[in-house]
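If you read the sequence shown in my numbering, its first letter stands for residue 863, the second for the next number, and so on. From the three backbone atoms N, C-alpha and C, an ideal C-beta is built for every residue, glycine too.
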Amino acid sequence: MFEIMTSMERRWLFVENNGCPGGYEEQMLRHNRPDGLLPMEIFVWGGKKQYRYEVTGCKNLTEIMAGKKVTGEMMQALFSEMFSCVMKGKRYLLLEDNYCIAPESIFFRESDQKLFLCYVPGFQKPLLQQMQRLSEWILEHLDVQDSQAVYQGYAMHMLCREGKTSFQELLNLFVTAAPPPPTVVQNPPAPYEIAECAKIRPQEEGVAKKKTGAGRAFGRRLLEGLLLLVVAGILVYMLP
């Protein structure tokens, strides 16, 4: 379906039309360029209509990730920009299922790493099915040492595979931070030590009660003595 050709130092991505009518989208994309979409032209070759997208100075996801692993930071940037692009396209009445979401059709400009998607009028491939295939590709290239990448990669794959998710739920997965890794306690106390610390022996409890009772009795006697001294002083002052 995809074919990349280079001519006169310019690079092009060709996508077959497969006889689908372009309609409004085709005309709109010929005269407008929504942010984040590859510029599209209609190209006829051998009597067949094709869509041609200029990708000069860009590399697709497959080319960029050659010999590399997908980290959590990469996934966060990839899907945040991709979802942002799809949301912006709604202003132009572009349909989610006409975005071509595949490693070969997701491009990044080499100068600033800006993401560009390929929109194919009449494509009509359910976006969630495309996301599932993309998640399978990501799992094959996942950095298993990165906890955020593992969490988001498998969570996305499970949501898409169940087929009961929505575009908004996938969006929430990548705008919500991944849960922090569990804290490892160094040299935790043995279970019997915890039990001994929490246990109150009857003998110790009795001693504690006796000490508390004795302290309270001493305090009462001291207070009574002070009151007697005050009363005696008042009486002496009142005598002629």
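Can you check DSSP and say which residues form a bridge with residue i?
i: residue 945; result: Paired residues: none, contrary to the question.
i: residue 903; result: 914
i: residue 920; result: 971
i: residue 1029; result: BP columns for residue 1029 are empty, so no partner.
i: residue 867; result: 874
i: residue 981; result: 961
i: residue 932; result: 1004
With a threshold of 7 Å on Cβ separation, who are the neighbours of residue i within its own chain once the five nearest residues in sequence on each side are excluded?
i: residue 1022; result: 990, 993, 994, 997
i: residue 1017; result: 1035
i: residue 865; result: 876
i: residue 918; result: 872, 873
i: residue 1011; result: 932, 933, 934, 937, 1004, 1005
i: residue 929; result: none
Of the residues the options, which one's Cα is nearest the Cα of residue i?
i: residue 985; options: 956, 1003, 897, 952; result: 956
i: residue 970; options: 952, 943, 887, 903; result: 943
i: residue 887; options: 966, 988, 958; result: 958
i: residue 1015; options: 941, 928, 979; result: 941
i: residue 891; options: 974, 981, 1013; result: 981
i: residue 885; options: 898, 983, 945; result: 983
So, at 6 Å on beta carbons, what are the nonlocal neighbours of residue i in its own chain, with the 5 sequence-adjacent residues on each side left out?
i: residue 909; result: none
Quick one: measure Cβ to Cβ for residue i and residue j, integer angstroms, because I've assumed they're closer than 8 Å.
i: residue 900; j: residue 979; result: 7 Å
i: residue 911; j: residue 960; result: The Cβ separation is near 16 Å, so there is no contact.
i: residue 950; j: residue 988; result: That pair is no contact at about 20 Å.
i: residue 945; j: residue 1033; result: 5 Å
Who are the near neighbours of residue i in its chain, counting only those whose CB is closer than 8 Å to its CB and skipping five residues on each side?
i: residue 921; result: 969, 970, 972
- Decide if the stretch 925-943 is in contact with the stretch 1000-1018; the criterion is three or more beta carbon pairs, one per stretch, under 8 Å apart. yes
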